[in-house]
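> Please see the structure below; I have some questions.
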Amino acid sequence: MSGATRKGVVLHLGVVALLAGLQFVLPAYHHGNLARVMVLASFALGYNVMFGYTGLLSLGHAMFFAAGLYGMGLAMRHLGLPALPALALGVLCGAALAALVGLLALRTAGVAFMIVTLMFAQTGYLTILYFGAFTRGDEGFVIPRAARRIGALDLSEPTTRYFAALLLLGLCLFATLALVRSSTGRVLIAIRENEDRARMLGYDVFRYKLLAMVISGAMAGAAGAAYGLLFGYVGATFASVQYSIFPLLWVLLGGAGTVLGPLVGTLFMFYLIDLSSGFTSAYMLIAGVALVLLTLFAPRGLMGLVRARLVPWLP
Amino acid sequence: MDFGPYLLLASMEGAVQAAVLALMALGLSLVFGVMRVVNIAHGEFFMLGAVLAWWFTSLVGGHPAFGFALALIGAPLIVGLVAVAADLLVLKRLDYDPERTIVATIGLLYIIQQLALEFYGPDARPVAAPFSWRIDLPWFGYSGYKLFVIAAAVVIMLGVWALLTRTRIGLVMRATQFDSETAQAFGIPVGRVYTMVFGLGAMLAALAAVLIVPIQQAHYLMGGDPLLLSFIVVIIGGLGSLRGTVVAAVLIGMSDGIISVFFSPTLAKILATLLVALVLVYRPTGLFGTRTA
Chain A
1 MSGATRKGVV
11 LHLGVVALLA
21 GLQFVLPAYH
31 HGNLARVMVL
41 ASFALGYNVM
51 FGYTGLLSLG
61 HAMFFAAGLY
71 GMGLAMRHLG
81 LPALPALALG
91 VLCGAALAAL
101 VGLLALRTAG
111 VAFMIVTLMF
121 AQTGYLTILY
131 FGAFTRGDEG
141 FVIPRAARRI
151 GALDLSEPTT
161 RYFAALLLLG
171 LCLFATLALV
181 RSSTGRVLIA
191 IRENEDRARM
201 LGYDVFRYKL
211 LAMVISGAMA
221 GAAGAAYGLL
231 FGYVGATFAS
241 VQYSIFPLLW
251 VLLGGAGTVL
261 GPLVGTLFMF
271 YLIDLSSGFT
281 SAYMLIAGVA
291 LVLLTLFAPR
301 GLMGLVRARL
311 VPWLP
Chain B
1 MDFGPYLLLA
11 SMEGAVQAAV
21 LALMALGLSL
31 VFGVMRVVNI
41 AHGEFFMLGA
51 VLAWWFTSLV
61 GGHPAFGFAL
71 ALIGAPLIVG
81 LVAVAADLLV
91 LKRLDYDPER
101 TIVATIGLLY
111 IIQQLALEFY
121 GPDARPVAAP
131 FSWRIDLPWF
141 GYSGYKLFVI
151 AAAVVIMLGV
161 WALLTRTRIG
171 LVMRATQFDS
181 ETAQAFGIPV
191 GRVYTMVFGL
201 GAMLAALAAV
211 LIVPIQQAHY
221 LMGGDPLLLS
231 FIVVIIGGLG
241 SLRGTVVAAV
251 LIGMSDGIIS
261 VFFSPTLAKI
271 LATLLVALVL
281 VYRPTGLFGT
291 RTA
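One line per chain: the protein sequences are A and B, in this order. For the first sequence, the positions run 1 to 315 when the numbering used here is used. For the second sequence, the positions run 1 to 293 when the numbering used here is used.
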């Protein structure tokens with residue numbers, strides 16, 4: 001293990017330990033919020049694999065989150081699957097949908113890729129509404145408390161829920177860290193920096209991009225399935241355009257292409273919106289202003305700035 | 001009603017849809033063609049036009065035609081100015097980088113939409129039509145205003161066409177679209193052309209909104225669906241091809257109108273969106289386009 005790698009692992013273990021410690025001191029309201037942030041940050045981490053490391057800007061990531069959410073939720077509701085297999089099914093749905101969409105969408109690049117992913121996500125959202133008889137459409141459905149348990153663990157109980165969210169976040173965090181330190185991860189970064197050169201060096205660019213997309217989709221699916229399981233609600237809102245824009249915003253804010261960036265961005269934005277929705281119903285205004293300011297003044301995000309100014313070895 | 005008249009009614013509704021859609025998509029297509037920029041906030045310029053139309057008509061008392069005439073001039077002007085400001089303050093500073101511009105216009109989308117929610121409120125509000133003639137067909141009566149919308153859209157499109165092909169400004173725009181670097185070398189102020197085109201595109205969306213608002217109501221979330229449809233039109237018509245845009249708008253507006261009458265509108269939207277995604281994947285230049293995007 002090289003010095004930088006060891007520092008990286010220690011830093012991330014520290015972050016996970018800090019989050020674990022926070023569980024004992026936080027008041028109930030922030031305790032619940034942080035569990036939510038950790039699940040959403042896992043979604044953002046998945047987005048980061050594609051956008052931050054491979055340079056693929058998707059505007060349709062809500063469909064992978066929703067694939068996990070509905071893959072898990074519908075299996076429990078209509079097939080009566082227990083929580084753990086349903087969760088696995090959710091992850092699988094996210095990955096499979098990403099593979100399918102990737103096979104088609106990766107034939108395009110740049111702006112066309114953004115629009116194609118947007119269109120596929122919109123198709124997904126409308127499909128959920130169209131089959132309202134199964135999915136309960138906009139209204140959504142609740143997963144009963146009794147079903148939300150794995151073995152002896154009751155996932156609706158706050159402390160268990162917190163640690164389940166932390167486990168998911170930790171898994172995604174270290175999976176990303178391992179990926180970007182591996183030779184595969186370096187190829188992905190090479191594709192982001194200069195796709196033609198990567199192709200000329202003999203790498204099958206399409207396959208690597210597809211791989212990045214499947215990993216990203218699996219993480220998004222896992223986050224979606226976990227969200228439904230931990231908070232007990234499945235609804236079409238999570239498939240709407242807004243939930244495709246959020247991970248982009250979180251990753252941009254935290255710093256694309258940094259492992260900790262998505263977590264920082266999600267935490268920051270969640271509380272910004274939480275605070276502002278206290279005194280106005282137009283809370284998405286904050287998101288809009290943040291997007292414009294970020295693209296103008298800080299395209300590398302918070303952790304990008306930290307890496308540039310303070311900690312050059314930050315993974 | 002028999003099938004024949006029913007189909008006639010559906011296609012007349014479709015034609016109104018198509019007329020408004022063509023105006024809006026023309027704006028999007030113009031911006032994409034000249035500036036190579038995808039403007040996600042285009043739907044919000046449409047919404048802003050409708051909301052301003054409500055505001056203008058509520059200012060003026062008396063016959064609704066006065067308020068409407070004021071809105072027809074005032075709303076596009078204000079929306080155009082907002083777009084020019086957005087171009088100068090944001091897009092120009094991003095150097096029109098395609099991906100960063102999309103992210104920034106998503107930001108603009110939320111800013112405009114949420115400001116409308118804050119100041120206009122969450123209610124849908126009606127605007128009175130400037131006149132209320134009815135045209136009596138043998139099978140059903142039809143609103144004369146809807147026919148006026150079609151006629152007005154055709155006149156505005158002819159105006160845009162004349163502007164592009166018959167004036168010096170149009171020549172400069174076409175030169176910039178064809179090759180901006182060479183245009184710049186010949187002393188064309190490309191930066192100012194971009195600002196103007198962005199403003200003009202937004203004004204077309206606002207005009208479309210003022211025309212449609214006596215039929216629909218003004219609501220702060222009304223920009224989403226037309227944006228999606230305009231995207232579909234611009235892509236099917238070929239990115240950057242204005243003629244293709246108009247043809248595709250007529251095709252899609254008409255079929256959307258007709259399909260929605262006979263089948264579920266959600267199913268129609270699902271099929272259209274999926275079709276577009278596949279067109280972009282397999283024919284990135286669109287069905288009518290020749291230039292690569």
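For every residue, glycine included, the Cβ atom is placed at its ideal position computed from N, Cα and C. Here the structure is a predicted model, which means the values were calculated and not measured.
1. What do you reckon, are the CB atoms on Leu169/A and Arg161/A nearer than 9 Å?
2. Looking at the secondary structure, which residues open and close the beta strand (DSSP E) in which Asp136/B lies?
3. Please state the DSSP three-state secondary structure of Thr292/B.
4. Between Phe238/A and Ala66/A, what straight-line distance do the alpha-carbon atoms span, to the nearest angstrom?
5. Is there a Cβ from chain A that is less than 9 Å from the Cβ of Arg93/B?
6. Taking 8 Å as the cut-off, does the stretch 233-252 of chain B touch the stretch 58-76 of chain B (at least 3 CB pairs, one atom from each stretch)?
7. Can the beta-carbon of Gly27/B be found closer than 9 Å to that of Ala202/B?
8. When you compare only the Cα positions, how much space is there between Met12/B and Ala25/B?
9. Might you give, ordered along the chain, the residues of its own chain that have their beta carbon closer than 6 Å to the beta carbon of Pro327/B, omitting 5 neighbours on each side?
10. Residues of the stretch 36-61 of chain A with a CB closer than 7 Å to any CB of chain B: list them in chain order, please.
11. Taking the alpha helix (DSSP H) that Tyr142/B falls in, what are its first and last residues?
12. Can you tell me which of the three DSSP states Arg145/A falls into?
13. Could you confirm whether any beta carbon from chain B is found closer than 9 Å to the beta carbon of Thr295/A?
14. Within the same chain, show all residues whose beta-carbon is closer than 6 Å to that of Ala75/A, passing over the 5 residues directly before and after it, in chain order.
15. Using the beta-carbon of each residue, which ones in chain A are nearer than 8 Å to Glu13/B?
16. Which residues in chain A have a C-beta closer than 7 Å to the C-beta of Gln177/B? List them in chain order.
17. Is the beta carbon of Ser264/B within less than 8 Å of some heavy atom of the ligand COA?
18. Indicate whether Leu173/A and His12/A have their beta-carbon atoms separated by less than 9 Å.
19. Report the residue from Val9/A, Val15/A, Tyr130/A whose alpha carbon sits nearest the alpha carbon of Phe263/B.
20. Candidates Trp139/B, Thr167/B, Tyr120/B: which alpha carbon is nearest Pro5/B's?
21. Where does Tyr258/A land, buried or exposed, given buried means 16+ other C-beta within 10 angstroms?
22. In chain order, what residues of the same chain have a beta carbon less than 8 Å from the beta carbon of Val154/B, not counting five sequence neighbours either side?
23. Under a Cβ-count criterion, where at least 16 other Cβ atoms within 10 Å of its own Cβ denotes burial, should Ala293/B be classed as buried or exposed?
24. Less than 9 Å separating the beta-carbons of Tyr243/A and Phe141/A?
25. Does DSSP put Arg181/A in a helix, in a strand, or in coil?
26. Does the Cβ-Cβ distance between Ala165/A and Ala28/A come in under 9 Å?
27. Taking Cβ-Cβ distances below 7 Å as the criterion, which residues of the stretch 121-134 of chain A are in contact with chain B?
28. Can you give me the C-alpha to C-alpha distance between Gly182/A and Leu40/A, rounded to a whole angstrom?
29. Could you tell me whether the stretch 113-121 of chain A touches the stretch 53-69 of chain A, where touching means 3 or more Cβ pairs closer than 8 Å?
30. Nearest-angstrom Cα distance between Ile232/B and Thr127/A?
31. On the three-state DSSP scale, how would you describe Ile270/B?
32. If we require 4 or more residues per run, which alpha helix (DSSP H) segments fall completely within the stretch 267-302 of chain A?
Looking at the atomic coordinates:
1. no
2. 134-136
3. A caution first: Thr292/B carries a pLDDT of 42, below 50, which makes its placement in the model unreliable, though a value can still be read off. In the structure shown, Thr292/B sits in coil (DSSP, three-state: anything other than H, G, I, E or B).
4. 6 Å
5. yes
6. no
7. yes
8. 20 Å
9. Because chain B in this structure spans residues 1 to 293, residue 327/B falls outside the shown range and cannot be described.
10. Leu57
11. Premise fails: Tyr142/B lies in the beta strand (DSSP E), 141-143, not in any alpha helix (DSSP H).
12. helix
13. yes
14. Leu81, Ala86, Leu89
15. Within 8 Å Cβ-Cβ: nothing; Glu13/B doesn't reach chain A, min ~21 Å.
16. Residues of chain A passing the Cβ test: none, with the nearest at roughly 16 Å.
17. Although the ligand COA was asked about, the structure shown includes no ligands whatsoever.
18. yes
19. Tyr130/A
20. Trp139/B
21. For clarity, residue 258/A is Thr in the given sequence; the question names Tyr instead. It is buried - the Cβ of Thr258/A has at least 16 other Cβ atoms within 10 Å.
22. Ala19
23. Unreliable placement is indicated for Ala293/B, whose pLDDT of 39 sits below 50; the coordinate value is still reported in the next sentence. It is buried - the Cβ of Ala293/B has at least 16 other Cβ atoms within 10 Å.
24. no
25. helix
26. no
27. Gln122, Thr123, Leu126, Thr127, Leu129, Tyr130
28. As written in the sequence, residue 182/A is Ser, which differs from the Gly given in the question. Taking the straight line joining both Cα atoms gives about 25 Å.
29. yes
30. 18 Å
31. helix
32. 284-297
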